[in-house]
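Residue numbers are given in this note's numbering: position 118 of the sequence shown equals residue 122, and the series is strictly consecutive.
Taking it in order: structure first as structure tokens, then the write-up.
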Amino acid sequence: MPEPTSPADLYRHSLRLLLDKDIAGWVGLWAEDGVMEFPFAPEGWPRRLEGKEAIAAYMRPYPDHIDLHDFPELRIHQTTDPQTIVVEMRGVGRLVETGAPFDMTYIAVVTVRNGHITSYRDYWNPLAVLQPGTDFAGSRR
Numbered sequence: 005m006p007e008p009t010s011p012a013d014l015y016r017h018s019l020r021l022l023l024d025k026d027i028a029g030w031v032g033l034w035a036e037d038g039v040m041e042f043p044f045a046p047e048g049w050p051r052r053l054e055g056k057e058a059i060a061a062y063m064r065p066y067p068d069h070i071d072l073h074d075f076p077e078l079r080i081h082q083t084t085d086p087q088t089i090v091v092e093m094r095g096v097g098r099l100v101e102t103g104a105p106f107d108m109t110y111i112a113v114v115t116v117r118n119g120h121i122t123s124y125r126d127y128w129n130p131l132a133v134l135q136p137g138t139d140f141a142g143s144r145r
């Protein structure tokens, strides 16, 4: 694929990598000092990941727990900062451990600088990760 030319293109590419379970490729889209935040994370889940390595460690086990099939209802909104987008979407698939359906609604605020994600604030439903098979972050050990 040609290099994504806009934050929206880069984000769409990131979703394709997640569907392909290419976590290394997804992490490759990040700036070395990128920050991923989860303002609604429940107790025991990380609220802030600083740096590409921390983000990689968090995401590495994701496909072993959540098998994503699609991101329907994707809407990308441009902000007054041309490098920042607001994304509304659903992620649907199944939980690997239980086979139960996975259906999560997200709103994300994403900033891209020099072709890499530098900031990603992910607003997701904390109740959805309390069901069996979702704990890829190891919060309930």
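Virtual Cβ for every residue (Gly too), placed ideally from N, Cα, C.
What does the Cβ neighbour count give for residue i, buried or exposed, with the cut at 16 atoms within 10 Å?
i    : result
R144 : Caution applies to R144, whose pLDDT of 42 falls short of 50 and renders its modelled position unreliable; the model cannot decide the point.
G38  : buried
P86  : exposed
P105 : exposed
Looking at residue j and residue i, is the spacing between their C-beta atoms short of 8 Å?
i    : j   : result
R98  : F75 : no
V96  : L14 : no
Y62  : L53 : yes
E77  : G55 : no
D126 : F42 : yes
I27  : R64 : yes
I111 : P11 : no
H120 : W34 : yes
Going by C-alpha distance, which of the options is nearest residue i?
i    : options                  : result
E57  : Y15, I80 and G32         : G32
L22  : A104, H69, P86 and S123  : H69
W128 : P11, A45 and W34         : A45
G29  : E77, A60 and S10         : A60
V82  : V100, L72 and V113       : In the sequence under discussion, the amino acid at residue 82 is Gln, which differs from the Val named in the question. Here the closest residue by C-alpha is V113.
E9   : N118, K25, A132 and S123 : The sequence given here has Thr at residue 9, not Glu. Considering only alpha carbons, the answer is N118.
R20  : E47, M40 and H73         : H73
R16  : D71, P130, R79 and T84   : R79
V100 : P130, A132, D71 and D24  : D71
Does any residue of chain C bring its CB to less than 8 Å from the CB of residue i?
i    : result
H120 : Protein chains in the displayed structure number just one, and chain C is not present.
Opposite residue i in the DSSP bridges: which residues?
i    : result
Y127 : I111
V91  : I80 and A112
R16  : Looking at the DSSP assignment, R16 forms no beta bridge with any residue, so it has no partner.
H120 : R117
P105 : R98
I70  : L99
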